[in-house]
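In terms of the numbering used here, the sequence shown is residues 870 to 1294.
Where is the CB? At the ideal position from N, CA and C, for every residue including glycine.
Nothing here was measured: the structure is a model prediction, and the numbers come from that model.
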Amino acid sequence: MFADEVKIYVEAGKGGDGCTSFRREKFIEMGGPNGGNGGHGANIIFATEPGLKTLIDLKMMKHVKGHKGINGQGSNKNGSNAEDVIIKVPMGTTITNLDTNEVIADLTKEGESVVIARGGRGGRGNRAFANHENPAPRMSELGEPGESLMVKCELKVLADVGLVGMPSVGKSTLISMISNCNPKIGAYHFTTLNPNLGVIKLQGGRNFVMADLPGLIEGASEGIGLGHKFLRHAMRTKVIAHVLDMGATEGRNPSEDFEKIVDELEKYDQKLIEKPHIIIANKMDIEGSRKNLDEFKKKYPEEVIYPISAINNEGLDAMIEELANMVDSLDEVELYDNDTIKESHILYKYRNERPFTIKRENDLWVLSGKEVETLFYMTRFDEDESVERFGRKLRGMGVEEELEHLGAKRGDEVKILDYIFIFKN
């Protein structure tokens, strides 16, 4: 079964909790704190696997969750890191953040991988907080939550040449005659339900990959029929090969077919009509095909046309040679540049704006922001020193100052996530 688009929720592992512990041995004075740090939570990593040709395995993975890091222990024992979760995908897979519609990664190379959701760092044990002012801290951190997001994975097949055309123009027959591909062929519309890839080998060791893509119909750019699948896969091809039924065996006019195809390409993405292309005039063995070809040439005198009969194996050598020359002369297709692909994880970001927002909702002051929420999640509120540290951190961020500036009074309620605190200025 073929699948070229999957939506999946990924949740990286939470960091392990730090430990609050003290060394207590009968004949050793001043044992001191010895709580270890928690381990790092599991990252969610997408990696290419050359043998895969479909995203069908991901359809079974509605929710992928990484394991939590191991908690720290006494005796200065740090928790171990959780093992990363690696999701295998075919080469040519694009990963998009559905919340922001930003492209996170475009995996096109063998062995390529990217961290899509980072696991949380482990919380620090109380030994890490020991200093001259407080040599025996009774506090530690909880593990940081892992990142979570909804992503869309789209497979856009890696092919040098894409065969495009209306249903039943002979694309499947053509690719079966010139490559190692054996597609299903039948005398009815939409025989090709999924892209078929074939390797075309020439003398001298040259070769290129051709894709037989699902047939287009009018409205394909808007998702009608199977054309939306074709259009996605056509984006990676170096060359577009328009296959036209010059025999008009389905009662359609070849010129009109060509116009509709070009129109759908342009509506979907301007880049498609800017790709190098040729015209493959198929079914030249059918009566009336020569007349239709002459009329097409008059209407499109500048097009490069190769008349063939795929089923009779006529005219194929010259067409293959031309396609190979075009492929050799073109660079690899890069769908996204560095400005398009979002850096999903920035370790250090210096900014002038405050790392939080405060707004008034009814009788509550609502405090939000990633830095504030992370601090909240990692604080042990059952330890007095941890609560005091939480307050100091908020003051250091400027939360208290901003609340006073906005008119907050002593005793007002401040909400962070689903929890409410009393403001004490």
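Contact check, residue i vs residue j, beta carbons under 7 Å
{"i": "Pro-902", "j": "Ala-999", "result": "yes"}
{"i": "Gly-988", "j": "Asn-1151", "result": "no"}
{"i": "Ala-1110", "j": "Ile-1147", "result": "yes"}
{"i": "Asp-1029", "j": "Val-1078", "result": "yes"}
{"i": "Lys-876", "j": "Lys-1021", "result": "yes"}
{"i": "Ile-1149", "j": "Val-1112", "result": "yes"}
{"i": "Val-1026", "j": "Phe-915", "result": "no"}
{"i": "Ile-1285", "j": "Phe-1245", "result": "yes"}
{"i": "Arg-1105", "j": "Val-1202", "result": "yes"}
{"i": "Thr-889", "j": "Asn-995", "result": "yes"}
{"i": "Gly-1012", "j": "Gly-992", "result": "yes"}
{"i": "Thr-1042", "j": "Ile-1180", "result": "yes"}
{"i": "Leu-1066", "j": "Asp-873", "result": "no"}
{"i": "Ala-1080", "j": "Gly-1031", "result": "yes"}
{"i": "Gly-938", "j": "Asn-947", "result": "no"}
{"i": "Gly-900", "j": "Phe-891", "result": "yes"}
{"i": "Met-1046", "j": "Asn-1194", "result": "no"}
Counted within 10 angstroms of its Cβ, other Cβ atoms place residue i as buried (16 or more) or exposed
{"i": "Arg-990", "result": "buried"}
{"i": "Arg-1264", "result": "exposed"}
{"i": "Val-879", "result": "buried"}
{"i": "Leu-1326", "result": "The question about residue 1326 has no answer here: the residues shown for the chain are numbered 870 through 1294."}
{"i": "Leu-1192", "result": "buried"}
{"i": "Thr-1226", "result": "exposed"}
{"i": "Thr-1248", "result": "buried"}
{"i": "Ile-985", "result": "buried"}
{"i": "Pro-1170", "result": "exposed"}
{"i": "Tyr-1057", "result": "Its pLDDT being 44, under 50, Tyr-1057 is placed unreliably by the model, and nothing is read from it."}
{"i": "Leu-1062", "result": "Caution applies to Leu-1062, whose pLDDT of 48 falls short of 50 and renders its modelled position unreliable; the model cannot decide the point."}
{"i": "Phe-1059", "result": "Residue placement at Phe-1059 is poorly supported in this model, since its pLDDT is 45, which falls under 50; the coordinates are not used for a value here."}
{"i": "Lys-1187", "result": "First, the amino acid is wrong: residue 1187 is Ala here, not Lys. Classification of Ala-1187: exposed, given that the 10 Å Cβ count is below 16."}
{"i": "Asp-886", "result": "buried"}
{"i": "Glu-1133", "result": "buried"}
{"i": "Gly-1073", "result": "exposed"}
{"i": "Gln-942", "result": "buried"}
Paired residues, beta bridge with residue i - DSSP
{"i": "Gly-1031", "result": "Ala-1080 and Ile-1109"}
{"i": "Gln-942", "result": "Lys-946"}
{"i": "Ser-1237", "result": "Thr-1226"}
{"i": "Thr-963", "result": "Asp-975 and Glu-1023"}
{"i": "Thr-1248", "result": "Glu-1010"}
{"i": "Pro-1145", "result": "According to DSSP, which records beta bridges pairwise, Pro-1145 is partnered with nothing at all."}
Contact test: residue i Cβ vs the ligand MN heavy atom, cutoff 6 Å
{"i": "Glu-1119", "result": "Although the ligand MN was asked about, the structure shown includes no ligands whatsoever."}
CB contact below 7 Å: residue i versus chain C
{"i": "Glu-1013", "result": "Of the protein chains in this structure there is only one, and it is not chain C."}
Tell me, please, whether the stretch 918 to 931 touches the stretch 968 to 976 by the rule of three or more beta-carbon pairs shorter than 8 Å. Short answer: they don't touch.
Check whether the stretch 909 to 919 touches the stretch 880 to 890, taking contact to mean three or more Cβ pairs, one atom from each stretch, closer than 8 Å. yes
Assess, as a yes-or-no matter, whether the stretch 1001 to 1015 is touched by the stretch 1252 to 1261 under the definition of 3 or more beta carbon pairs within less than 8 Å. Result yes; three or more Cβ-Cβ pairs closer than 8 Å.
Taking only runs of the beta strand (DSSP E) that begin and end inside the stretch 1129 to 1179, which ones reach a length of at least 3 residues, in chain order? The DSSP assignment places 1146 to 1151 and 1174 to 1176 as complete runs of the beta strand (DSSP E) inside the stretch 1129 to 1179, in order along the chain (cut-off: 3 residues).
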